[in-house]
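Participant: This structure is in structure tokens; I'll ask about it shortly.
There are 2 protein chains.
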Amino acid sequence: MTTRTAAQRRSDARIAHQDRFAACSTNRLLERLGEKWVALILKELTEGPRRYGELAQSIAGASQKMLTETLRRLERDGLLSRTLTPSVPVRVDYALTPLGRSLLPVLREVTRWAEQNMAAIDSARTGYDDQRSRASHDDEQRGTGPHGRRGQG
Amino acid sequence: MTTRTAAQRRSDARIAHQDRFAACSTNRLLERLGEKWVALILKELTEGPRRYGELAQSIAGASQKMLTETLRRLERDGLLSRTLTPSVPVRVDYALTPLGRSLLPVLREVTRWAEQNMAAIDSARTGYDDQRSRASHDDEQRGTGPHGRRGQG
DNA sequence: CAGAATCCTCTTTGATACTG
DNA sequence: CAGTATCAAAGAGGATTCTG
Chain A
0 MTTRTAAQRR SDARIAHQDR FAACSTNRLL ERLGEKWVAL ILKELTEGPR
50 RYGELAQSIA GASQKMLTET LRRLERDGLL SRTLTPSVPV RVDYALTPLG
100 RSLLPVLREV TRWAEQNMAA IDSARTGYDD QRSRASHDDE QRGTGPHGRR
150 GQG
Chain B
0 MTTRTAAQRR SDARIAHQDR FAACSTNRLL ERLGEKWVAL ILKELTEGPR
50 RYGELAQSIA GASQKMLTET LRRLERDGLL SRTLTPSVPV RVDYALTPLG
100 RSLLPVLREV TRWAEQNMAA IDSARTGYDD QRSRASHDDE QRGTGPHGRR
150 GQG
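From first to last, the protein sequence lines stand for chains A and B.
Residue 106 in numbering that gives the first Met the number 0 sits at position 107 of the first sequence, with consecutive numbering throughout.
Residue 54 in numbering that gives the first Met the number 0 sits at position 55 of the second sequence, with consecutive numbering throughout.
Quick look at the structure:
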């Protein structure tokens, strides 16, 4: 009997792996871009600098908290700049940095693929869901499949 | 006095906006790719088909639950296929579909940018954090800044 | 105007135990 | 082997209130 249980050893391995995972730059970038309002903010700033209020309007879906937090993260990453003009009332402008602009071609590739293939994804989903609902229906009719069909949503 | 409060109107506008947001294919794709284990799974399957257990090993950071759920989502999206061989014990193979493979060039662009620029992002973060910690330090010394500096973590 | 702070809810993720 | 089911913890996100 060792000092650590099998569960502990597995957990350790997992933690070690997560470090390596966190170090993967592709993942780090995708996680950032996948955040809820990042793509929209970048898209809006592609057209030029924007004041905070302008962003809040054009991205009306985001709460004030999320908008501010997301902008801060992007500023921290050096992808956009925040310029405060200490007038009364204050004025804050956000703009893409050169680093942020360098990301745009990549985003355009993503957009291109998405626009060309998202319909295929949607139809794949429909097919997958149809098949599942029909299968569980059969289960009920013939009583052959005891495994639950609880997924209605 | 109108029937709805300003808060309600804002909330309505937000909900309407979220619909349009959800319909944006770029966002939908980025959210999918930004999910915690998606990029790793796709990367692994780039090398060829993999059995469930093989994926579980090479992506040891993911819990069994997350791995299964993520694989299912990707299968549902038509990005990968799941082939069940009803032997004893059962055998399940995952592989990229043509649709999934068509995504690889896009991912390579993302990887290329990430590898070239993630260092810049890291140094931007360091600079940002340094500046902030120095600023709040000054505040304490001179007592000019009453706004809390509670963020130690 | 452009946030900061606080409270609270819903979703995501992981650990654990069980199964065909 | 390849999952499913359940529960608990963590985190994301939103509503609200207050401020320089």
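We put the beta carbon where it would ideally sit given N, CA and C, even for glycine.
Just so it is clear, the structure is predicted and the values come from calculations on it, not from any experiment.
Of the residues K35(B), E30(B), E46(B), which one's Cα is nearest the Cα of A94(B)?
Facilitator: Looking at the Cα atoms, E46(B) is the closest of the given residues.
Participant: Which residues in chain B have a C-beta closer than 7 angstroms to the C-beta of V105(A)? List them in chain order.
Facilitator: Simply E108, V109, W112.
Participant: Under 8 angstroms between beta-carbons, which chain A residues line up against M117(B)? List them in chain order, please.
Facilitator: Chain A residues near M117(B): S24, R27, L28.
Participant: What does I120(B) reach in chain A if we use C-beta pairs closer than 7 angstroms?
Facilitator: By Cβ distance, chain A contributes D76, G77.
Participant: With 16 as the cutoff for other CB atoms within 10 Å, does T25(A) come out buried or exposed?
Facilitator: It is buried - the Cβ of T25(A) has at least 16 other Cβ atoms within 10 Å.
Participant: May I have the straight-line CA-CA distance separating N116(B) from L54(A), to the nearest angstrom?
Facilitator: Each residue's Cα considered, the two are about 26 angstroms apart.
Participant: Taking Cβ positions only, does T143(A) come closer than 8 angstroms to chain B?
Facilitator: The pLDDT assigned to T143(A) is 41, lower than 50, so where the model puts this residue is not dependable; a value taken from the coordinates is nonetheless given after this. No - not a single Cβ of chain B is within 8 angstroms of the one on T143(A).
Participant: Using a Cβ-Cβ cut-off of 8 angstroms, state whether L41(A) counts as contacting chain B.
Facilitator: It does not; no Cβ of chain B falls within 8 angstroms.
Participant: Would D76(B) and R31(B) qualify as a contact pair, given that the criterion is a beta-carbon distance under 8 angstroms?
Facilitator: Cβ atoms of D76(B) and R31(B): closer than 8 angstroms.
Participant: For the region 62 to 86 of chain A, which segments carrying the alpha helix (DSSP H) assignment without a break, of at least 4 residues, lie completely within its bounds, in sequence order?
Facilitator: Counting whole runs of 4 or more residues, the region 62 to 86 of chain A contains the alpha helix (DSSP H) stretches 63 to 75.
Participant: By Cβ distance, which residues of its chain are closer than 8 angstroms to V91(B), with the 5 residues on each side in sequence left out?
Facilitator: Within the same chain, V91(B) has close Cβ partners R50, Y51, R81, T82, L83, T84.
Participant: Can you tell me whether G150(A) is buried or exposed, with buried defined as 16 or more other CB within 10 angstroms of its CB?
Facilitator: At G150(A) the pLDDT is 30, less than 50, meaning the model places this residue with poor confidence; the figure from the coordinates comes in the next sentence. Exposed, since its Cβ has fewer than 16 Cβ neighbours within 10 Å.
Participant: Enumerate in chain order the residues of its own chain whose CB-to-CB distance from L66(A) is below 7 angstroms, with the five nearest sequence positions on each side excluded.
Facilitator: Hits under 7 angstroms: W36, L54, A55, I58.
Participant: Report buried or exposed for T110(A), applying the criterion of at least 16 other Cβ atoms within 10 angstroms of its Cβ.
Facilitator: Looking at its Cβ environment, which holds 16 or more other Cβ atoms inside 10 Å, T110(A) is buried.
Participant: Using 8 angstroms as the threshold, is the C-beta distance between L39(A) and G33(B) below it?
Facilitator: Not closer than 8 angstroms, so no.
Participant: By how many angstroms is the C-alpha of G126(A) removed from the C-alpha of E114(B)?
Facilitator: Each residue's Cα considered, the two are about 37 angstroms apart.
Participant: Hey, does R133(B) have any beta-carbon neighbour from chain A nearer than 8 angstroms?
Facilitator: Answer no: the Cβ-Cβ gap between R133(B) and chain A never drops below 8 angstroms.
Participant: Using 8 angstroms as the limit for Cβ to Cβ distance, is L98(B) near chain A?
Facilitator: Answer yes: the Cβ-Cβ gap between L98(B) and chain A drops below 8 angstroms somewhere.
Participant: Could you have a look at A59(B) and say whether DSSP puts it in helix, strand or coil?
Facilitator: Correct three-state label for A59(B): coil.
Participant: Roughly how many angstroms separate the alpha carbons of S86(B) and S62(B), rounded to a whole number?
Facilitator: So the alpha carbons of these two residues sit roughly 25 angstroms apart.
Participant: Considering only the beta carbon of each residue, do L98(A) and L78(A) sit closer than 8 angstroms?
Facilitator: Yes; because the gap between Cβ atoms is below 8 angstroms, this pair is in contact.
Participant: For S132(A), which residues in the same chain have their Cβ closer than 7 angstroms to its Cβ, ignoring the five residues on either side in sequence?
Facilitator: Answer for S132(A): no residue qualifies.
Participant: Step through the CB atoms of chain B and report whether any lies within less than 8 angstroms of the CB of R124(A).
Facilitator: Yes, because at least one Cβ of chain B sits closer than 8 angstroms to the Cβ of R124(A).
Participant: Shortest alpha-carbon distance to I120(A) belongs to which of E68(B), L102(B), Q130(B)?
Facilitator: With distances taken between Cα atoms, I120(A) lies closest to L102(B).
Participant: Can you tell me where the beta strand (DSSP E) with V91(B) in it begins and where it stops?
Facilitator: Start and end: 90 to 95.
Participant: Measuring only the C-alpha atoms, how far is W112(A) from A134(B)?
Facilitator: Going from the Cα of W112(A) to the Cα of A134(B) covers about 44 angstroms.
Participant: Please list the terminal residues of the continuous alpha helix (DSSP H) segment that includes K35(B).
Facilitator: Careful: K35(B) lies outside any alpha helix (DSSP H) and carries neither H nor E.
Participant: Expressed to the nearest angstrom, what Euclidean distance is found between the alpha-carbon atoms of V105(B) and R27(B)?
Facilitator: When rounded, the distance between both Cα atoms is 15 angstroms.
Participant: Whole angstroms are fine: how far does the CA of Q130(B) sit from the CA of A118(A)?
Facilitator: Their backbone Cα atoms lie some 46 angstroms apart in a straight line.
Participant: Counting contacts by CB-CB distance shorter than 8 angstroms, is A38(A) in contact with chain B?
Facilitator: Chain B contact via Cβ: present.
Participant: With 8 angstroms as the threshold, decide whether the Cβ of Y127(A) is near any Cβ in chain B.
Facilitator: For Y127(A), the answer is yes, since a Cβ of chain B falls inside 8 angstroms of its Cβ.
Participant: In angstroms, rounded to a whole number, what distance separates the CA positions of P88(A) and L41(A)?
Facilitator: Roughly 26 angstroms between the two C-alpha positions.
Participant: Quick check: is the beta carbon of G33(B) nearer than 8 angstroms to any beta carbon in chain A?
Facilitator: Yes - at least one Cβ of chain A is within 8 angstroms of the one on G33(B).
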